[in-house]
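Using my numbering, read the sequence shown as starting at 1 and increasing by one per residue. By construction, the Cβ of each residue, glycine as well, lies at the ideal position given by its N, Cα and C atoms.
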Amino acid sequence: MTVRIYVPRDAAALALGADRVAKALSREAETRKLDITIVRNGSRGMHWLEPLVEVETAQGRIAYGPVKPSDIASLLDAGLIEGKAHPLCLGGTEEIPFLKNQTRLTFARCGVIDPVSLDHYKAHGGLKGLENAIAMAPADVVKQVTDSGLRGRGGAGFPTGIKWKTVLDAPGDRKYIVCNADEGDSGTFADRMIMEGDPFVLIEGMAIAGLATGATKGFVYIRSEYPQAIDAMNEAVTVARAAGVLGPSVLGSGKAFDMEIRVGAGAYVCGEETALLNSLEGKRGIVRAKPPLPALQGFMGRPTVVNNVISLASVPIIMDKGADFYRDFGMGRSRGTIPLQIAGNVKHGGLYETAFGLTLGEIIDVIGGGTATGRPVRAVQVGGPLGAYFPRALFDTPFDYEAFAAKDGLIGHAGITVFDDTVDMLKQARFAMEFCAVESCGKCTPCRIGSTRGVETADRIAQGIEPEKNRELLADLCNTMKFGSLCALGGFTPYPVLSAMNHFPEDFSPAPMVEAAE
Ligand SMILES: Cc1cc2nc3c(=O)[nH]c(=O)nc-3n(C[C@H](O)[C@H](O)[C@H](O)COP(=O)(O)O)c2cc1C
Ligand code: SF4
Numbered sequence: 001m002t003v004r005i006y007v008p009r010d011a012a013a014l015a016l017g018a019d020r021v022a023k024a025l026s027r028e029a030e031t032r033k034l035d036i037t038i039v040r041n042g043s044r045g046m047h048w049l050e051p052l053v054e055v056e057t058a059q060g061r062i063a064y065g066p067v068k069p070s071d072i073a074s075l076l077d078a079g080l081i082e083g084k085a086h087p088l089c090l091g092g093t094e095e096i097p098f099l100k101n102q103t104r105l106t107f108a109r110c111g112v113i114d115p116v117s118l119d120h121y122k123a124h125g126g127l128k129g130l131e132n133a134i135a136m137a138p139a140d141v142v143k144q145v146t147d148s149g150l151r152g153r154g155g156a157g158f159p160t161g162i163k164w165k166t167v168l169d170a171p172g173d174r175k176y177i178v179c180n181a182d183e184g185d186s187g188t189f190a191d192r193m194i195m196e197g198d199p200f201v202l203i204e205g206m207a208i209a210g211l212a213t214g215a216t217k218g219f220v221y222i223r224s225e226y227p228q229a230i231d232a233m234n235e236a237v238t239v240a241r242a243a244g245v246l247g248p249s250v251l252g253s254g255k256a257f258d259m260e261i262r263v264g265a266g267a268y269v270c271g272e273e274t275a276l277l278n279s280l281e282g283k284r285g286i287v288r289a290k291p292p293l294p295a296l297q298g299f300m301g302r303p304t305v306v307n308n309v310i311s312l313a314s315v316p317i318i319m320d321k322g323a324d325f326y327r328d329f330g331m332g333r334s335r336g337t338i339p340l341q342i343a344g345n346v347k348h349g350g351l352y353e354t355a356f357g358l359t360l361g362e363i364i365d366v367i368g369g370g371t372a373t374g375r376p377v378r379a380v381q382v383g384g385p386l387g388a389y390f391p392r393a394l395f396d397t398p399f400d401y402e403a404f405a406a407k408d409g410l411i412g413h414a415g416i417t418v419f420d421d422t423v424d425m426l427k428q429a430r431f432a433m434e435f436c437a438v439e440s441c442g443k444c445t446p447c448r449i450g451s452t453r454g455v456e457t458a459d460r461i462a463q464g465i466e467p468e469k470n471r472e473l474l475a476d477l478c479n480t481m482k483f484g485s486l487c488a489l490g491g492f493t494p495y496p497v498l499s500a501m502n503h504f505p506e507d508f509s510p511a512p513m514v515e516a517a518e
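As structure tokens, then:
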């Protein structure tokens with residue numbers, strides 16, 4: 001009987017040599033006349049173990065990693081296809097503590113199935129949510145999503161059900177579902193991982209959103225830097241269409257929903273929903289003033305749901321298991337699970353899906369295992385380039401929208417970037433301003449001009465020029481940007497800058513410049 005061996009096709013695994021490992025395995029198996037089937041799965045999200053090779057045995061899947069092509073011969077000699085011992089053997093995949101301790105709802109199938117096999121998807125519980133949604137009235141589907149407590153995972157944390165209700169209630173001859181897969185936040189990769197590892201869950205979530213709101217057409221706007229995700233989504237859409245999951249009669253319901261994959265051109269601001277809509281319409285990616293809300297006048301002026309990949313990919317489990325099931329995870333107003341993306345200078349980087357509520361300290365010290373360099377953790381940036389830097393003194397903050405806001409931070413898309421004690425926080429503050437200056441769409445003055453003045457002011461502080469005056473000026477500039485910017489690019493850049501200044505003031509008082517002797 002053929003033995004299934006899994007080698008990921010995920011971009012992170014590919015970057016670490018997964019294709020070469022798969023080729024070496026295939027060649028060596030042929031030479032040895034072994035009956036194996038190589039399945040190219042998604043990633044399990046344990047980046048330090050990639051490429052992670054798994055073999056299916058009677059005892060479940062056994063993991064080996066990180067595997068190099070040169071390891072294949074010794075792995076096969078040791079009995080890889082029976083799941084036997086080898087220095088790279090990690091035991092049962094599901095028993096690896098990083099994976100075992102997670103609550104995988106949205107990512108339940110990621111790394112488990114062949115991403116583009118609809119049969120695998122269905123065999124692992126796929127399409128049940130959509131089938132349930134078809135049997136319900138649209139308003140009841142919206143109510144279930146509202147009752148689940150799901151909030152947008154793209155950054156703002158807006159309740160998904162309320163957004164859907166606005167679109168359902170809005171008059172319009174056509175309505176749209178737009179999935180925001182721009183994933184511009186540095187250190188984040190949850191959207192990419194799910195699109196590469198379980199694309200059907202996003203298709204199912206979008207189809208449910210369509211049926212619930214009366215939208216018949218969907219778009220996934222994916223950043224061009226994600227070629228594997230684009231390929232996986234296109235392949236899965238073709239399969240879903242051929243199987244009647246998409247098309248004029250979704251699963252024979254008589255209701256239409258179809259979708260297209262669109263590719264962005266690489267601007268951070270095109271992740272902002274109105275700039276994204278402009279880009280999707282073929283216009284320059286510049287932010288639109290709100291109102292009107294996209295839910296009322298979005299794509300082509302029609303009512304449009306704009307949701308993040310993870311928001312939409314979390315809907316099938318809610319429609320399958322019910323609102324209460326999902327709502328029972330989490331704390332306060334942060335319900336369900338969140339895929340943490342642990343990155344930067346960290347020992348165990350990767351994706352960790354868990355209920356809201358773990359403290360930042362548990363995430364960094366226990367799950368992440370501290371820094372990769374072994375030096376003390378000094379700062380952690382949560383929420384991407386617009387998120388605040390937290391010092392160790394704030395590590396008791398639970399991962400929850402409101403708890404982070406209460407400490408002048410944000411959880412955003414749940415990207416967590418770790419820095420050790422060699423980090424220069426003044427440089428990080430300057431970087432935040434520089435990033436804003438480079439990525440600004442230029443529509444409003446506080447962001448367009450303020451960010452450039454911010455870079456200059458940080459430089460003057462670094463040079464020891466009137467540091468006190470320039471620190472005050474930088475804080476004042478942040479205030480103007482925070483309250484005077486049209487969107488969160490200019491409005492949130494002050495978070496990393498002010499948190500760096502407030503929590504790490506020693507880095508903002510460099511020694512005064514000494515004139516060169518001679
Ligand atoms: C500058 C900027 C960049 C953004 N980038 C993204 C992004 O890459 N992905 C995303 O889902 N949301 C991004 N957002 C948030 C979107 O504007 C919007 O709130 C989100 O797509 C709504 O989906 P959700 O409710 O499911 O989170 C960004 C916002 C701003 C201001
Ligand atoms: S804050 Fe910046 S990115 Fe946002 S609209 Fe204004 S100029 Fe554009």
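Residues near residue i in its chain [Cβ-Cβ closer than 7 Å; skip 5 each side]
| i | result |
| --- | --- |
| G214 | P138, L168, K175 |
| G361 | F395, D396 |
| P376 | D420, D421 |
| N479 | none |
| I162 | T146 |
| L486 | V287, A289, K443, C444 |
| D19 | none |
| H120 | I113, D114 |
Cutoff 8 Å; reference residue i; Cβ partners in own chain excluding five residues on either side
| i | result |
| --- | --- |
| R453 | L477 |
| V39 | R4, I5, Y6, V7, D114 |
| S253 | I134, L211 |
| A170 | A295, L296, P303 |
Exposure of residue i, with buried meaning 16 or more beta-carbon neighbours within 10 Å
| i | result |
| --- | --- |
| V542 | As displayed, the chain neither begins before 1 nor continues past 518, which places residue 542 out of reach and without an answer. |
| K290 | exposed |
| A517 | Annotation note: pLDDT 42 at A517 (below 50); position unreliable, no value reported. |
| D198 | buried |
| Q428 | buried |
| M501 | buried |
| I310 | buried |
| E515 | Model confidence at E515 stands at a pLDDT of 48, short of 50, so the residue's coordinates are unreliable; what they give is reported in the following sentence. E515 should be labelled exposed. |
| K469 | exposed |
| E353 | buried |
| M481 | buried |
| L504 | Note on identity: in this sequence residue 504 is Phe, with Leu being the wrong assignment. F504 is buried by the Cβ-count criterion. |
| E30 | exposed |
| S43 | buried |
| T37 | exposed |
Residues near residue i in its chain [Cβ-Cβ closer than 6 Å; skip 5 each side]
| i | result |
| --- | --- |
| G45 | G350, L351 |
| A355 | T103, F329, G330, T337 |
| G205 | L312, A313, V315, P316 |
| G184 | Y268, G271 |
| P446 | T480, M481, G484, S485, G490 |
| F399 | F356, L358 |
| G155 | G412, H413 |
For residue i, the nearest candidate out of the options (CA to CA)
| i | options | result |
| --- | --- | --- |
| A343 | E281, A406, H413, G285 | H413 |
| A393 | G187, S499, L88, R241 | S499 |
| S117 | V201, V269, A181 | V201 |
| I364 | V245, F98, V7 | F98 |
| K347 | A372, F431, S334, A11 | A372 |
| P303 | R262, W164, G83, R284 | W164 |
| G409 | V418, G357, L386, D424 | L386 |
| G298 | A242, G218, G264, A267 | G218 |
| M193 | F158, N470, F107, K469 | F107 |
| G415 | E434, K23, G384, R4 | G384 |
| I134 | L49, G491, S249, A29 | S249 |
| I286 | C270, G149, P391, D35 | C270 |
| K68 | E273, I38, G17 | G17 |
| T2 | A58, E235, R151 | A58 |
| T93 | A475, I72, V55, I81 | V55 |
| N345 | A22, E28, H47 | H47 |
Interface flag, residue i vs chain D, CB-CB below 8 Å
| i | result |
| --- | --- |
| A108 | The structure shown contains no chain D; it is built from a single protein chain. |
8 Å contact criterion, which residue i and residue j should meet: CB distance rounded
| i | j | result |
| --- | --- | --- |
| P66 | P87 | Contact flag wrong, Cβ pair sits at about 12 Å. |
| F257 | A295 | At roughly 18 Å, the Cβ-Cβ gap does not stay under 8 Å, so F257 and A295 are not in contact. |
| L90 | L49 | 7 Å |
| F259 | A229 | It should be noted that the sequence gives Met, not Phe, for residue 259. M259 to A229, Cβ: 15 Å. No contact. |
| G152 | F158 | 5 Å |
| P496 | A403 | Actually they are not in contact, since the Cβ atoms of P496 and A403 sit about 19 Å apart, beyond 8 Å. |
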